[in-house]
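This report concerns only the one structure given below.
Residue numbers (the numbering used here): 196 to 865.
Dropping the structure here:
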């Protein structure tokens, strides 16, 4: 055989100052990203007449989102700069329960944050148009903090009609000691509107019950009768609402729960607020919950007679209703763009269909043939064509360290394969990643583990047989709770390895070897912009049609983060004995085809590519699409199930990335 060399146009990666750009709008169309235990507070901070959002959570800081709306539903833009000075010292600052209130009488809004350190108070030394220059005050709430514990929410209102703000502290779980969870403690302002002095006075909360756990009060004149009403969030049992049937100077709290009946009845931890978000002159109800969701109820009544109706177009967040999000991408609905599959702690497969386009992703939850599966706690499903028939199967890791394979039956159902990978057990939190690392056309499997040293790599030998071959991972360090994925993010034709860590960062190993024998070189600098809170679970796909693999990261709190690939790809020429291959589609074998036996279709790719194979009858009607997935360069073969095909002539067409296609004729004889 004569060995030949030719010039192959490949690509090399140039590190930009910013390789990955976070785009919040993909999973948070409103612009508001959340963490667990969302605590919203609205206030117009810049004098433009639109309510901006402060969002407390279990995160490390309160987040501020500026209202940039030009219509409805409202749009927000995160602005870290407003609160940077508060969090710049490195000292622990509360992030749980923000409240905006003018406590020094200078006509701008100051910030009080409830949480582990009681109430922390920051005076706004800016103004009502340009807020900021915060000054921390440790005096005003010093006495209050001795009695409210480690999980209090502040609610400010003039409850005695003297023109200054009194205070009610709702008590949360108080896990680290303090007052009884679920009660409310009143504090009367015996100072003034510009110099408050708070003295405990529970007559302000007379008649209000112990709500059981997590009491979250908010005052607003909801019915426009000139005095303040009170809405209280609590756990599971729904919201409580009280009308003031006394006077503005001496409130009497009378239960009036019909307004909020049925709202937040089954969710844990509900934190309500009221705000005219749709600008129609009445107050709407918004509450956050433990899953980090923000739920909006529009007031469809009048200012005096409110009626609440849920509107899911506000604060839409695409996330799990639970924890432990993972990310695997494939064109499961065969519409040309990538859909998202995630696991969840409760042990299901959660499918998000991409309803956007090749050039712009947009996800929404959908039902699937595997929606009824119970695959095991902390499921970690990934798409991959394990049986080589051209459609995406599912390999799933679970809490007990085992791995399960589900075979795709032509997109209509899945069948559990009890043989493939059945002996694999990595001890705990199995996290599979799929790629053909030895170039034989079959998908191999890396399984991450709770204990890093238990991670294992298996070569696919065919016929449901997998052989452990950890030498393919030489040079790779596996950490605890390793969450790996393979992707050619540098576009050089081979698979690279990216590992998500418990700390929320990504570890990167570029493949500097070949498509048949990887050599791993660690290059973490490529992912310095990527960071989530906990348990990063990465997945790659080209989600904007620019030819580069973008990144989705699932995390423990159920959120997903989208990062656009901003790496510069520079063309170079490289000698390669594989160069010069053309796209090739072979004649199916056997041909003619006995429909009860099926046939093989072989093809060869000059480079790694998305591949579809479609089968048409003689009139041009599509009969089947046996292949729809991503394949490495080189030869491949798939089996076409022709059961039920009528005798006649058929055309099968192969199409790759960029629209290159080639067709062949097939004859079926029954």
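Cβ atoms here follow ideal geometry from the backbone N, Cα and C, with glycine treated the same way.
*Please state if the CB of residue 752 and the CB of residue 518 are separated by a distance shorter than 8 Å.*
yes
*Between the region 511–526 and the region 577–587, do at least 3 Cβ pairs fall closer than 8 Å?*
yes
*How would you label residue 281, buried or exposed, when you count the other beta carbons within 10 angstroms and need 16 or more for buried?*
buried
*asked:* With a threshold of 6 Å on Cβ separation, who are the neighbours of residue 866 within its own chain once the five nearest residues in sequence on each side are excluded?
replied: There is simply no residue 866 to check, as the chain begins at 196 and stops at 865 in what is shown.
*asked:* Which same chain residues end up closer than 7 Å to residue 795 when comparing Cβ atoms and leaving out the 5 residues on each side of it in sequence?
replied: 783, 784, 832, 834
*asked:* Between residue 656 and chain D, is any beta-carbon pair separated by less than 8 Å?
replied: Absent from the structure is chain D; it holds one protein chain and no more.
*Just curious, the alpha helix (DSSP H) that residue 513 is in, first and last residue?*
Residue 513 -> no alpha helix (DSSP H), and no H or E assigned at all.
*Inter-residue spacing [alpha-carbon to alpha-carbon] between residue 248 and residue 495*: Taking the straight line from one Cα to the other gives about 22 Å.
*Where do the ends of the alpha helix (DSSP H) carrying residue 786 lie?*
It is not in any alpha helix (DSSP H) - residue 786 carries neither H nor E in the DSSP assignment.
*If you draw a straight line from the C-alpha of residue 232 to the C-alpha of residue 622, how long is it?*
Near 32 Å, if we compare the C-alpha coordinates of residue 622 and residue 232.
*Count the other C-beta atoms from every protein chain shown that fall within 10 angstroms of the C-beta of residue 611, then say buried if there are 16 or more, exposed otherwise.*
It is exposed - the Cβ of residue 611 has fewer than 16 other Cβ atoms within 10 Å.
_Looking only at its chain, what residues have a beta carbon closer than 6 Å to the beta carbon of residue 792, apart from the 5 residues adjacent to it on each side?_
none
_Same chain, Cβ closer than 7 Å to residue 798, five either side skipped, listed in chain order_ = 779, 780, 781, 831, 849
*Decide if the region 224–243 is in contact with the region 253–271; the criterion is three or more beta carbon pairs, one per stretch, under 8 Å apart.*
yes
*Strand pairing of residue 215, partner residues [DSSP]*: 760
*asked:* Using 8 Å for Cβ pairs, my map puts residue 430 next to residue 424. What's the rounded Cβ distance?
replied: Between residue 424 and residue 430 the Cβ distance is about 21 Å, and since that is not below 8 Å, they are no contact.
_Determine whether the beta carbon atoms of residue 455 and residue 426 lie at a separation below 8 Å._
In contact: residue 455 and residue 426 (Cβ atoms closer than 8 Å).
*Segments assigned beta strand (DSSP E), at least 3 residues, entirely inside the region 650–675*: 651–657, 660–663
*What does a CB cutoff of less than 8 Å around residue 568 pick up in its chain, not counting 5 residues either side in sequence?*
By the criterion of a C-beta distance shorter than 8 Å, residue 568 is surrounded in its chain by 543, 544, 601, 609, once the five residues flanking it on both sides are discounted.
*Alpha carbon to alpha carbon, what distance is there between residue 404 and residue 436?*
12 Å
*asked:* At the level of alpha carbons, what is the spacing between residue 807 and residue 700?
replied: One C-alpha to the other measures close to 34 Å.
*In three-state terms, what does DSSP make of residue 714?*
coil
*Neighbour-count burial assignment, residue 853, 16 or more Cβ in a 10 Å radius*: exposed
*Exposure label - residue 315; buried when at least 16 CB within 10 Å*: buried
*asked:* Which of the three DSSP states is assigned to residue 307 in this structure?
replied: In this structure, residue 307 counts as strand in the three-state DSSP scheme.
*So what does DSSP say about residue 577, is it helix, strand or coil?*
Residue 577: strand per DSSP, three-state reduction.
*Closer than 6 Å by C-beta to residue 531: which residues in its own chain qualify, once you throw out the five before and the five after it? Chain order, please.*
553
*Per DSSP, residue 682 is paired with what?*
Under DSSP, residue 682 shares a beta bridge with 691.
_Complete beta strand (DSSP E) runs within the region 238–278 (minimum length 3 residues, chain order)_ = 247–251, 258–262, 271–273
*Leaving aside the five residues before and after residue 196 along the sequence, list all residues of the same chain whose C-beta is less than 6 Å from its C-beta, in chain order.*
Its pLDDT being 26, under 50, residue 196 is placed unreliably by the model, and nothing is read from it.
*Skipping 5 residues on each side, what residues in its chain have a beta carbon closer than 6 Å to that of residue 756?*
Within its own chain, the residues whose Cβ lies closer than 6 Å to the Cβ of residue 756, once the five positions on either side in sequence are excluded, are 727, 748, listed in chain order.
*asked:* DSSP three-state label for residue 341, please.
replied: helix
*Looking at residue 640 and residue 629, is the spacing between their C-beta atoms short of 8 Å?*
yes
_residue 773, DSSP secondary structure in three states_ = Any answer about residue 773 is weak, because its pLDDT of 40 lies below 50 and its placement is not dependable; what the coordinates show is given next. Coil at residue 773, not helix or strand.
_Cβ separation of residue 166 and residue 367, assumed to be a contact under 8 Å, to the nearest whole Å_ = Shown here, the chain extends from 196 to 865; a query on residue 166 therefore has no answer.
*With a threshold of 16 other CB atoms inside 10 Å of the CB of residue 330, please say whether the residue is buried or exposed.*
When all chains shown are included, residue 330 counts as exposed.
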